[in-house]
Each structure stands twice: as C-alpha cells, then as structure tokens.
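Chemist: Quick note, the sequences are listed as chains A and B, same order.
Positions 659 to 723 (our numbering) are the ones given, in order, by the first sequence.
Positions -19 to 298 (our numbering) are the ones given, in order, by the second sequence.
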Amino acid sequence: MNATATTAKTPLSRLALHSTATCSVQASAYGKCILATYTDVTKDVCKDEFVKFAKCLREAMGRKW
Amino acid sequence: MLRSLVRRAAISSASPSANPHTLGPFQVFDRNAKRIQKDRAALKEGSRTVDYVREEVADRLMERFLDIKRTFGTILDLGSGSGHFTKLLEPEKAQKSVMMDSSEMALRRDPDSEFEVQVERIHADEENLLQNVEPNSQEAIVSCLSLHWVNDLPGTLIQIREALQPDGLFLGAMFGGDTLFELRTALQLAEVEREGGLSPHISPMTQTNDISNLMGRAGFSLLTVDVDEVKVAYPDMWALMDDLRAMGEGNALLGHRRALRRDTLAAASAIYPALHGNEDGSVPATFQIIYMIGWKPAPSQPQPLERGTGKVPLGEVL
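1. Tell me the residue span of the alpha helix (DSSP H) that contains valine 263/B.
2. Between the C-alpha atoms of threonine 66/B and aspartate 57/B, what's the straight-line distance to the nearest angstrom?
3. Is the CB of threonine 678/A under 8 Å away from at least one CB in chain B?
4. Taking 8 Å as the threshold (C-beta atoms), are glutamine 268/B and glutamate 209/B in contact?
5. Could you check what DSSP says for alanine 74/B in three-state terms: helix, strand or coil?
6. What did DSSP end up calling threonine 700/A once you bin it into helix, strand or coil?
7. Taking the straight line between their C-alpha atoms, what separation do you get for alanine 278/B and lysine 76/B?
8. Quick check: the Cα distance between glutamate 142/B and leucine 133/B, rounded to an integer number of angstroms?
9. Below 7 Å CB to CB, which residues in the same chain sit around glutamine 139/B once its five sequence neighbours on both sides are set aside?
10. Please confirm whether glutamine 145/B and serine 117/B have their CB atoms less than 8 Å apart.
11. Check alanine 213/B in the structure and name its three-state DSSP category.
12. Consider the Cβ of glutamate 173/B: report whether some Cβ of chain A lies at a distance smaller than 8 Å.
13. May I ask you to list, following chain order, the residues of the region 688 to 711 of chain A that have a beta carbon less than 8 Å from some beta carbon of chain B?
14. What residues from the region 250 to 267 of chain B come within 7 Å of chain A, judged by C-beta to C-beta, listed N to C?
15. Taking the CB atoms as reference points, tell me whether arginine 34/B and tyrosine 271/B lie closer together than 8 Å.
16. Going by alpha carbons, who is nearest to valine 172/B out of Asn12/B, Ile251/B, Ala22/B and Val8/B?
17. Between the Cα of aspartate 216/B and those of Ala38/B, Phe200/B, Met185/B and Glu259/B, spot the shortest distance and give me the residue it belongs to.
18. Could you tell me whether the region 72 to 89 of chain B touches the region 14 to 32 of chain B, where touching means 3 or more Cβ pairs closer than 8 Å?
19. Does any CB atom of chain B fall closer than 8 Å to the CB of lysine 713/A?
20. Pick out whichever of Leu245/B, Glu96/B and Leu294/B has its Cα sitting closest to the Cα of glycine 689/A.
21. Determine, using beta carbons only, whether alanine 718/A comes closer than 8 Å to chain B.
Below, the structure is given as structure tokens:
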C-alpha cells in the first residue's frame, strides 16, 4: 500500500486509496449495514454509517475533496 | 473531477434526435465515444497489461475454431481490436486474416511480426460490414468480444450472414447477461442509498437465449450456442474500474451525461466487498461469455428429413 500512497496523485486515485485503506473500518461498517438491508434499500437507510465514512474520507483527502 | 467532466463532454457526441416517427434500430451505445475510448486505451502504455480477458476468451474461442474440421484461405476477424484471436491463428488452419475494427489505434497497436499468418487491416465500423466487404464473399467470419458494443445486433448478424459464402462459418464470442453483475449491483445499491435513484453505468447485456433466437432470425443454420465465465479477482473496485477503462471498455451509453458522484463511488467501493468479496479480501468480477457458431445455409448441408418419412416408430425406441 505504501507504494500506492506515494504514487497516488490524481484526486480519484487518492480517493481510491483512502476509501480502501485509510478508512477501511468505516467502509466495512457501511458495507455491513447495506448487506443487512440490501433487499430493501431506500435513500439514507445507512446514513449514519455513511456520514462516519465520509467524514473519515474528507479528513484523509484534506482540502481536495 | 472537473477535468473528467470536460473530457466526457468532449467525447460524447450529441444524441440522435429522438423522432418517434422514424423507424430504425434502437440506439443504445455512443459508437463515436466508444471509438475514442478504444483509441485512447490502445495508445496508453498499460494497454497490453489489461489484455488478460481478451486473451483468455480468444484462446477459448480458438479451441472451438480448431474443432471445426475445415481449413480456410482467408477469414474475417470482425471487431478484432489488436488481433487477440488472429494472433493465435496458425497457417495450417487459415492462411490469412482480415482484421476489421472501428478503432484505428487498437487495430494498428501490434506489428505484423506478432502474427503467424498474413494479416490485412480494415479500419471500418463493424455496424457497416456490408459497405466494406462484398456479399457472399467470406469463407469465415470470426468476432471476439466486440459485438457487445453494437447497437443493432440483429442487423449486424444479418450482415454477417449476407457477407458469408454459402456454407460459410460464423464464430463469435461476446459478453452476455451476467457480466460485471457485482459492479452493477454495487453501483445500483450505492446510488439508491445515497441519491435515491438509479442511472445506467453498465451496458445492458444480451441474454443467452436471445442469442439463439437472434441467430435463427438472422438466417443461420446448424446453430451452437454455449456459455461460460471468466472470473477475475481484483484488490478492490477501483482497480477493476481502472482496468476496464484501460481495456477501452468504459461506459459508452447514449444519454449518459453525468459522472458518478464521489460519495456514490466511495459508497459503492464499500458495498462491493461487503456483498461479493472473497475471503482473502479481494473482490471478484465475472465476465460471462456467450459463444456462438452458425453456418450460412447451403444445399450441401445436412437437412432435416421431411415430416412423416421416419421408418422407425418412436414408441419402439423409447
């Protein structure tokens, strides 16, 4: 992952890195929430989990979100 | 993100006017955007590193080609890309291959020295086959993973049949039904949960039973259709999307105007492993491949007997 960290330059590749590595705990909490409800997903059904995930991403991405 | 928006605006052509009074094939894909995507992909350095799906499918298609007990002078490789199928041809089976593709960069990516047979390249749109080859002129037409971007599949199959000589062979492989269902479901769930709606990001795919019907309708005889899967494991959704883009297989749906929002993309990248992830932490992507074999009808082919000419009552056999 360190190799990726130094080469990740574009905003999207930074987002890719942070969503899978830096914020993996929040990401899997959100994923688990969707998995529990995936037959009946509606808007914002996992909002709490996503807000935490997005907060972590924003902090990791810095100003370039 | 802004750059990608500009890029998308630059390559997507204006939608054809939706006139309800004109008849014609339904337009699903932006062929111009697809050509540009393929050209750019072929020019990139990493283009060869993402050949793995095409090489695998070309190999499996070649097995079927070798099962056919006939040798050919010239075959037409329709939608050849850089010639993944033609590269596997041996001179004993076919002496020459004419490669045809709408992307000139993909067509000319690999030099002639990589092929064992003589090659000729035609830069032309697969949808306009009959404008480029004479009817009744081809011994065999092969298509490896290009028909899934064709707007008018019934019409293209008919053109293929027309272009073949009587008793000519058509052998094809295309992505079907369940291809990339993991990515499709992850994006759909993410969009519903984050934005409360859906928009198309992955092409509609042809189902297997539709192919048999379309081949029959196009007038092929002695049909064989079968299906198998290529499963690839990726570290995460982002790697899959990067590779798809590098293959020139990005989204080229008409009327697709808006890039995915970052929130939605991030959400999908979290949903993908939760729903489909492997135990080792990687995520699988399924490519479902439909193989089809059909022959242009000819009097020399075996015909079914007429009704009522059977000599043995079925009851005795069963």
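For every residue, glycine included, the Cβ atom is placed at its ideal position computed from N, Cα and C.
Modeler: Quick look at the numbers:
1. Boundaries around valine 263/B are those of the beta strand (DSSP E), 263 to 275, since no alpha helix (DSSP H) includes it.
2. 7 Å
3. With 8 Å as the cut-off, threonine 678/A counts as an interface residue toward chain B.
4. With respect to glutamine 268/B, glutamate 209/B sits close: the two C-beta atoms are nearer than 8 Å.
5. Residue state, collapsed to three classes: strand.
6. coil
7. If you draw a straight line from the Cα of alanine 278/B to the Cα of lysine 76/B, it is about 24 Å long.
8. Annotation: glutamate 142/B to leucine 133/B spans about 14 Å, alpha carbon to alpha carbon.
9. Leu109 and Leu110
10. Yes, these two residues count as a Cβ contact at 8 Å.
11. strand
12. yes
13. Listed in sequence order: Tyr688, Gly689, Lys690, Ile692, Leu693, Tyr696, Val699, Thr700, Lys701, Asp702, Val703, Cys704, Phe708 and Phe711.
14. Ala250, Ile251, Pro253, Ala254 and Leu255
15. no
16. Ile251/B
17. Glu259/B
18. The region 72 to 89 of chain B is in contact with the region 14 to 32 of chain B.
19. no
20. Leu245/B
21. no
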